[in-house]
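> The structure follows.
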Amino acid sequence: MSSSVKLHPISVAFLSTLPKIDFTTVSVEDLRQPDQILDVPSPDVTIERIQIPCRTDNHLIQVDVYRPASTNADEVLPAVIFLHGGGFCLEGQGAHPFLVSKIADEAHCAVFYVYYSLSPEVKYPVAVEECYSVVERVTTAQHAKLLRVDPTRVAIGGDSAGACLSISITLLEKRRHLENKIKFQILYYPVTDYIGSSESRQLFRKGYLLESDLMKLYWGSYLRDENDQHDMIALCSNASVQDLMGLPPALVITAEADPLRDEGEAFVRQLMEAQVPVTSFRVQGVLHGFMSLTSLHSIETLQVIDITTATLRRLFKQK
Numbered sequence: 001m002s003s004s005v006k007l008h009p010i011s012v013a014f015l016s017t018l019p020k021i022d023f024t025t026v027s028v029e030d031l032r033q034p035d036q037i038l039d040v041p042s043p044d045v046t047i048e049r050i051q052i053p054c055r056t057d058n059h060l061i062q063v064d065v066y067r068p069a070s071t072n073a074d075e076v077l078p079a080v081i082f083l084h085g086g087g088f089c090l091e092g093q094g095a096h097p098f099l100v101s102k103i104a105d106e107a108h109c110a111v112f113y114v115y116y117s118l119s120p121e122v123k124y125p126v127a128v129e130e131c132y133s134v135v136e137r138v139t140t141a142q143h144a145k146l147l148r149v150d151p152t153r154v155a156i157g158g159d160s161a162g163a164c165l166s167i168s169i170t171l172l173e174k175r176r177h178l179e180n181k182i183k184f185q186i187l188y189y190p191v192t193d194y195i196g197s198s199e200s201r202q203l204f205r206k207g208y209l210l211e212s213d214l215m216k217l218y219w220g221s222y223l224r225d226e227n228d229q230h231d232m233i234a235l236c237s238n239a240s241v242q243d244l245m246g247l248p249p250a251l252v253i254t255a256e257a258d259p260l261r262d263e264g265e266a267f268v269r270q271l272m273e274a275q276v277p278v279t280s281f282r283v284q285g286v287l288h289g290f291m292s293l294t295s296l297h298s299i300e301t302l303q304v305i306d307i308t309t310a311t312l313r314r315l316f317k318q319k
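Numbering follows the UniProt record's numbering, in which position 77 of the sequence shown is assigned residue number 77; successive positions increment by one, without gaps.
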């Protein structure tokens, strides 16, 4: 372990239980073990399963819509589209339902939790187009009315690979000349680069959950070929400052003991250079996944949720 980092006791305990895995010899299927559902009191929300057709071929995308239970049946709410992490290959983790329930309840909004198609069964850009289709549906007035959401108050966000997908959507929105549909981005420890050579990638390449060989497995499963490694929509590290101009304001959260830490903070600096309003926090002593993995749930997780929901409440009141 890196001697320069003092880990939170929960992180230390979690790492002590991790099995030793050679990620050069395992498959994605070997890693698809469900995380234990977080056993803490959750806010009172309603959850509705809906299906949204994909813009490319009309196949149906499963989406769970979380709403505060206190809302009236016909109340129109602002919306957050949430894209889960998992290396583009795994389902959401056990703390995701708690996380999106808290966002829905405390920010008083509808959260659209998207079950995008996973890799390697599908490759880039299938998941991007699916998530984009959900954004189109939520931000189009006629559909938003049926969904009981306000299409002028829509944010997008996610953790890790989900944060990468969120950035992909905002870049694609700009490319397709649909800017300003999304008003805000919530990015928890985003992955922005393919392999990378940052200090945090070197410091935490092994023994800190998200190992370098595991990231290679994920990227190899998600991308079609080497050309995709240079695609700006797939990997925002390929985007120029000009490409980032006009993107929605962002809240970026990084984790100290995370190989993705430095690239997330480099993305923050790029957004600043592009004159995109951005607020960033580095959470000390925590690992990648501290927002979504049940075993890493801590007071730091709750504090980041507080920051997120306070930011969203302020944003949604600005209309």
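Every residue gets a Cβ at the ideal spot worked out from N, C-alpha and C, and that includes glycine.
So what's Asp111 in DSSP terms, helix, strand or just coil?
The residue you call residue 111 lines up with position 111 of the sequence shown. Contrary to the premise, residue 111 reads as Val rather than Asp in this sequence. The answer is strand: DSSP assigns Val111 an E or B state.
> Exposed or buried, Glu75, counting other C-beta atoms within 10 Å across all chains shown (16 or more means buried)?
In the sequence shown, the residue the question calls residue 75 occupies position 75. Exposed, by the Cβ-count rule.
> Opposite Gly158 in the DSSP bridges: which residues?
Counting from 1 along the sequence shown, the entry for residue 158 is found at position 158. Paired residue(s): Leu83, Leu187.
> Cutting at 6 Å between CB atoms, please list the residues of its own chain near Leu247, excluding the five before and the five after it.
Mapped onto the sequence shown, residue 247 falls at position 247. These residues qualify, in order along the chain: Thr170, Val276.
> Need the endpoints of the beta strand (DSSP E) that Phe281 sits in, please.
Counting from one through the sequence shown, the residue named residue 281 turns up at place 281. Looking at the DSSP string, the run of the beta strand (DSSP E) that includes Phe281 is 278 to 287.
> Out of Glu29, Met245, Phe98, Leu15, point me to the one whose CA is closest to Ser47's CA.
Taking the first residue of the sequence shown as 1, we reach residue 47 at position 47. Going by the sequence as given, residue 47 is Ile instead of Ser. It is Phe98.
> Taking the runs of the beta strand (DSSP E) that are 3 residues or longer, which of them lie wholly in the region 1 to 72?
Listed in chain order, they are 45 to 53, 60 to 68.
> Roughly how many angstroms lie between the CA atoms of Ile305 and Asp258, to the nearest whole one?
Numbered from its first residue, the sequence shown carries residue 305 at position 305. Numbered from its first residue, the sequence shown carries residue 258 at position 258. Using only the alpha carbons, I get a separation of about 19 Å.
> Is it a yes or a no for the region 53 to 73 touching the region 5 to 15, going by three-plus beta-carbon pairs under 8 Å?
The region 53 to 73 is not in contact with the region 5 to 15.
> Could you pull out every residue in the same chain whose Cβ sits closer than 8 Å to the Cβ of Val134, ignoring the five residues on either side in sequence?
For the purposes of this step, residue 134 is taken as residue 134 along the sequence shown, with counting starting at 1. Closer than 8 Å at the Cβ level, and outside the excluded window around Val134, lie Ile52, Ile61, Val63, Ile81, Phe112, Val114.
> How big is the Cα-Cα spacing for Ile37 and Glu91?
Stepping through the sequence shown from its first residue, residue 37 is reached at position 37. Stepping through the sequence shown from its first residue, residue 91 is reached at position 91. Going from the Cα of Ile37 to the Cα of Glu91 covers about 13 Å.
> Taking Cβ positions, are Cys89 and Ser117 nearer each other than 8 Å?
Here residue 89 corresponds to residue number 89 of the sequence shown, with the count starting at 1. Here residue 117 corresponds to residue number 117 of the sequence shown, with the count starting at 1. No.
> Would Ala234 pass as a contact of Leu223 if the rule is Cβ separation under 8 Å?
Translated into the one-based positions of the sequence shown, residue 234 becomes position 234. Translated into the one-based positions of the sequence shown, residue 223 becomes position 223. Contact: yes.
> Have a look at Leu287, Phe267, Gly285 and flag the residue whose alpha-carbon is nearest the alpha-carbon of Val278.
Translated into the one-based positions of the sequence shown, residue 278 becomes position 278. Taking only the C-alpha atoms, the option nearest Val278 is Phe267.
> Where does the unbroken beta strand (DSSP E) through Leu251 begin, and where does it stop?
Working through the sequence shown from its first residue, we reach residue 251 at position 251. Unbroken beta strand (DSSP E) run through Leu251: 250 to 257.
> Which first and last residues belong to the alpha helix (DSSP H) in which Met291 is found?
Position 291 of the sequence shown, counting from 1, holds the residue named residue 291. Met291 -> no alpha helix (DSSP H), and no H or E assigned at all.
> Going by Cα to Cα distance, which pick from Asp213, Asp57, His84 is closest to Ile21?
Position 21 of the sequence shown, counted from the start, is the residue given in the question as residue 21. The shortest C-alpha separation from Ile21 is found at Asp213.
> Exposed or buried, Met245, counting other C-beta atoms within 10 Å across all chains shown (16 or more means buried)?
For the purposes of this step, residue 245 is taken as residue 245 along the sequence shown, with counting starting at 1. That one is exposed.
> I need the DSSP call for Asp262, collapsed to helix, strand or coil.
In the sequence shown, residue 262 corresponds to position 262, counting from 1. It is helical.
> Pull the bridge partners of Leu77 from the DSSP assignment, please.
The residue given as residue 77 occupies position 77 in the sequence shown. Answer is Val149.
> Judging by CA-CA distance, which residue of Leu293, Arg313, Thr152, Ala310 is the nearest neighbour of Leu18?
Against the sequence shown, residue 18 aligns to sequence position 18. For the residues Leu293, Arg313, Thr152, Ala310, the minimum Cα distance to Leu18 belongs to Leu293.
> Can you say whether Glu130 is buried or exposed, counting buried as having 16 or more other CB atoms within 10 angstroms of its CB?
Reading the sequence shown from its first residue, position 130 is the one you call residue 130. Answer is buried; the Cβ neighbour count reaches 16.
> Out of His177, Gln93, Arg282, which one is the CA nearest neighbour of residue 351?
A query on residue 351 cannot be resolved here, the shown segment of the chain reaching from 1 to 319 and no further.
> What span of residues does the alpha helix (DSSP H) with Tyr208 cover, start to end?
Translated into the one-based positions of the sequence shown, residue 208 becomes position 208. Neither: Tyr208 is in no alpha helix (DSSP H) and is coded neither H nor E.
> Since Gln303 is in the alpha helix (DSSP H), which residue starts that stretch and which ends it?
Sequence index remark: in the sequence shown, residue 303 carries index 303 (1-based). Where Gln303 is concerned, the enclosing alpha helix (DSSP H) stretches over 299 to 316.
> When you compare only the Cα positions, how much space is there between Gly196 and Ile299?
On the sequence shown, position 196 is the one that residue 196 refers to. On the sequence shown, position 299 is the one that residue 299 refers to. In a straight line, the C-alpha of Gly196 is about 30 Å away from that of Ile299.
> Roughly how many angstroms separate the alpha carbons of Val138 and Val154, rounded to a whole number?
Translated into the one-based positions of the sequence shown, residue 138 becomes position 138. Translated into the one-based positions of the sequence shown, residue 154 becomes position 154. One C-alpha to the other measures close to 8 Å.
> Using three-state DSSP, classify Glu91 as helix, strand or coil.
Counting from one through the sequence shown, the residue named residue 91 turns up at place 91. The answer is coil: DSSP assigns Glu91 none of H, G, I, E or B.
> Hey, quick one: how far does the alpha helix (DSSP H) through Tyr132 stretch, first residue to last?
Looking up residue 132 in the sequence shown gives position 132. Run containing Tyr132: 126 to 139, per the alpha helix (DSSP H) assignment.
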